[in-house]
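Engineer: Got a structure for you, written out below as structure tokens; questions coming shortly.
2 protein chains.
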Amino acid sequence: MNHSQGKVSLPVIKRLPKYYRYISQMQQNGVVKVSSSELARMMGTTASQVRQDFNCFGGFGQQGIGYNVDVLLHEIGRLLFGEGEKLPTILVGAGRLGRAVSRFLTTDTNGYHLLAVFDVQQELVGQDLDGIPIHHIDELESFCAAHKPQVAVLCLPREGAKEISGRLVDLGIRGFWNFSHYDLSIPYPNVTVENAHLGDSLMSLGYRLRND
Amino acid sequence: MNHSQGKVSLPVIKRLPKYYRYISQMQQNGVVKVSSSELARMMGTTASQVRQDFNCFGGFGQQGIGYNVDVLLHEIGRLLFGEGEKLPTILVGAGRLGRAVSRFLTTDTNGYHLLAVFDVQQELVGQDLDGIPIHHIDELESFCAAHKPQVAVLCLPREGAKEISGRLVDLGIRGFWNFSHYDLSIPYPNVTVENAHLGDSLMSLGYRLRND
Chain A
1 MNHSQGKVSL PVIKRLPKYY RYISQMQQNG VVKVSSSELA RMMGTTASQV RQDFNCFGGF
61 GQQGIGYNVD VLLHEIGRLL FGEGEKLPTI LVGAGRLGRA VSRFLTTDTN GYHLLAVFDV
121 QQELVGQDLD GIPIHHIDEL ESFCAAHKPQ VAVLCLPREG AKEISGRLVD LGIRGFWNFS
181 HYDLSIPYPN VTVENAHLGD SLMSLGYRLR ND
Chain B
1001 MNHSQGKVSL PVIKRLPKYY RYISQMQQNG VVKVSSSELA RMMGTTASQV RQDFNCFGGF
1061 GQQGIGYNVD VLLHEIGRLL FGEGEKLPTI LVGAGRLGRA VSRFLTTDTN GYHLLAVFDV
1121 QQELVGQDLD GIPIHHIDEL ESFCAAHKPQ VAVLCLPREG AKEISGRLVD LGIRGFWNFS
1181 HYDLSIPYPN VTVENAHLGD SLMSLGYRLR ND
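The listed protein sequences derive, respectively, from chains A and B. According to this note's numbering, the first sequence is numbered sequentially starting from 1. According to this note's numbering, the second sequence is numbered sequentially starting from 1001.
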């Protein structure tokens, strides 16, 4: 493919999973070809945006005759999941939120492999989360040296995240799924951070309901 | 304030909670005045964007001499939380994710009042989630008629969300915090939907780690 992935903007990247989900459904429903306007209708956008988005990745085939669903799914899947190799991942924080989001890491479909869970609470150590062992946070250094995780999921409060994130970066973590309010990307501009700020999401819904 | 809130774009709205959090911290730290460039540095943006964002809401005071922290916090708080009245809310789905996100609804700080939780599983009925009772989903109609919730949080799979969302709209729900992959805003264009698609968030992190 003759695209330059380095230049793809974040909003386009953030739409890829949605394309992937919709096109998976079409494939399951036996659809073989799809036009940009059909995709646009499903996505709640315009055909021109769909074509523009796809052009960031080389276009995915001849748009005049419609896109081939199998090819689209394969190509978008390859962008999202590489050649199938999973990203070795640790979860920090085994509270309610950590327990809930671990599901997204342990399913086969998202491209991650959850190696271990860490928590500060001694009473959780030795327990497991769907079969993944919970370690004490003090074991972080030895575990990372041995198992080389690349991604850390932060399900802990702001102060805990502030304290731990430098250690994680030093230990080779290059991607964060960050549920805390600590803004990692400012002190560590070279790591990739995906923020999942649920409180912010809820507050902005409140704004829209109160002011629309 | 002489602003026209109807025209504020979604990206600006989505930044409001972050401003609110940062400015709260400044207030706690005893900061009295703040310039747009100081705010920009904390937010990881530019001073010009900060001023542009604030101008959507009337500007929040004289930027030449810096913004007054108390005024900023009060005004942004009023936009996010109104005059303090909480939005009556129900949660549909008492699984792991529902249990985790209920915390965001039961804290005092986000502007919601969680009235009840609903689930299809008979064995959960009569239990509670941090003191909020779990009802069977069949009680939805009678509960909503009596208590008039305005917001529904959907922590259930796509098919369940597809099935229930029309009922909820008919029952007067006008805002959704949607964790399911069902795309509510297409069948119900008049409701306000805030999607929290955690799987998509994780996949787009994967893209960035694999292709950057």
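C-beta atoms are modelled at their ideal positions from N, C-alpha and C, and glycine is treated no differently. If you're wondering where the values come from, they're calculated on a predicted model, not measured in any experiment.
For chain A, find out if any of its Cβ atoms is closer than 8 Å to the Cβ of Gly1059 (chain B); answer yes or no.
Structural biologist: Closer than 8 Å: no.
Engineer: Shortest alpha-carbon distance to Leu156 (chain A) belongs to which of A:Met42, A:Leu202 and A:Leu91?
Structural biologist: A:Leu91
Engineer: Which chain B residues are close to Gly175 (chain A), counting only those with a beta carbon under 7 Å from its beta carbon?
Structural biologist: Leu1205 and Leu1209
Engineer: Distance cutoff 8 Å, beta carbons only. Does Phe1081 (chain B) sit that close to anything in chain A?
Structural biologist: Yes - at least one Cβ of chain A is within 8 Å of the one on Phe1081 (chain B).
Engineer: Under 7 Å between beta-carbons, which chain B residues line up against Lys18 (chain A)? List them in chain order, please.
Structural biologist: Asp1200
Engineer: Would you kindly report the start and end of the unbroken alpha helix (DSSP H) that includes Tyr20 (chain A)?
Structural biologist: Leu10 to Gln28
Engineer: Compare the beta carbon distance of Gly1172 (chain B) and Arg210 (chain A) with 8 Å and say whether it is the shorter of the two.
Structural biologist: At least 8 Å separates the beta-carbon of Gly1172 (chain B) from that of Arg210 (chain A).
Engineer: From the DSSP output, in three-state form, read off Glu152 (chain A) for me.
Structural biologist: Here the sequence assigns Ala to residue 152 (chain A), which means Glu is not the residue at that position. In this structure, Ala152 (chain A) counts as strand in the three-state DSSP scheme.
Engineer: Could you give the first and the last residue of the continuous alpha helix (DSSP H) run that contains Glu75 (chain A)?
Structural biologist: Val69 to Phe81
Engineer: Let's test the definition: count the other Cβ atoms within 10 Å of the Cβ of Asn55 (chain A) and tell me whether it reaches 16, buried, or not, exposed.
Structural biologist: Around the beta carbon of Asn55 (chain A), fewer than 16 other beta carbons sit within 10 angstroms, so the residue counts as exposed.
Engineer: As a quick exercise: from B:Val1120, B:Gln1028 and B:Val1151, pick the residue whose alpha carbon is nearest that of Asp1170 (chain B).
Structural biologist: B:Val1151
Engineer: Is there a C-beta anywhere in chain B that falls below 8 Å from the one on Leu124 (chain A)?
Structural biologist: no
Engineer: From what residue to what residue does the beta strand (DSSP E) around Val1120 (chain B) run?
Structural biologist: Note, Val1120 (chain B): premise wrong, no beta strand (DSSP E); not H, not E.
Engineer: Taking 8 Å as the threshold (C-beta atoms), are Leu1105 (chain B) and Thr1089 (chain B) in contact?
Structural biologist: Yes.
Engineer: Do three or more CB pairs link the stretch 200-208 of chain A to the stretch 1040-1060 of chain B at distances below 8 Å?
Structural biologist: no
Engineer: With a cut-off of 8 Å, does the C-beta of Tyr182 (chain A) fall near any C-beta of chain B?
Structural biologist: no
Engineer: Check whether the Cβ of Gln1005 (chain B) lies closer than 8 Å to any Cβ atom in chain A.
Structural biologist: Residue placement at Gln1005 (chain B) is flagged as unreliable, the pLDDT there being 47, under the threshold of 50; a coordinate-derived value is accordingly withheld.
Engineer: Which first and last residues belong to the beta strand (DSSP E) in which His1136 (chain B) is found?
Structural biologist: Element bounds for His1136 (chain B): Ile1132 to His1136.
Engineer: Are any of the Cβ atoms in chain A nearer than 8 Å to that of Pro1157 (chain B)?
Structural biologist: Chain A, which has no Cβ nearer than 8 Å to the Cβ of Pro1157 (chain B), makes this no.
Engineer: Run through chain B and tell me which residues come within less than 7 Å of Phe104 (chain A), C-beta to C-beta.
Structural biologist: Leu1198, Gly1199 and Leu1202
Engineer: Taking 8 Å as the CB-CB cut-off, is Leu1087 (chain B) touching chain A?
Structural biologist: yes
Engineer: Counting C-beta neighbours from all protein chains within 10 Å, is the total for Val1008 (chain B) 16 or more, i.e. buried, or is it exposed?
Structural biologist: buried
Engineer: Which of helix, strand or coil does DSSP assign to Val1169 (chain B)?
Structural biologist: helix
Engineer: Go through its chain and collect everything with a Cβ distance to Gly77 (chain A)'s Cβ below 8 Å, but skip five positions before and after it.
Structural biologist: Tyr20
Engineer: Please state the DSSP three-state secondary structure of Ile65 (chain A).
Structural biologist: Ile65 (chain A): helix per DSSP, three-state reduction.
Engineer: How about Asp119 (chain A) and Gly93 (chain A): do their beta carbons lie closer than 8 Å?
Structural biologist: In contact: Asp119 (chain A) and Gly93 (chain A) (Cβ atoms closer than 8 Å).
Engineer: Should Gly1166 (chain B) be flagged as near chain A, meaning a C-beta pair shorter than 8 Å?
Structural biologist: Answer no: the Cβ-Cβ gap between Gly1166 (chain B) and chain A never drops below 8 Å.
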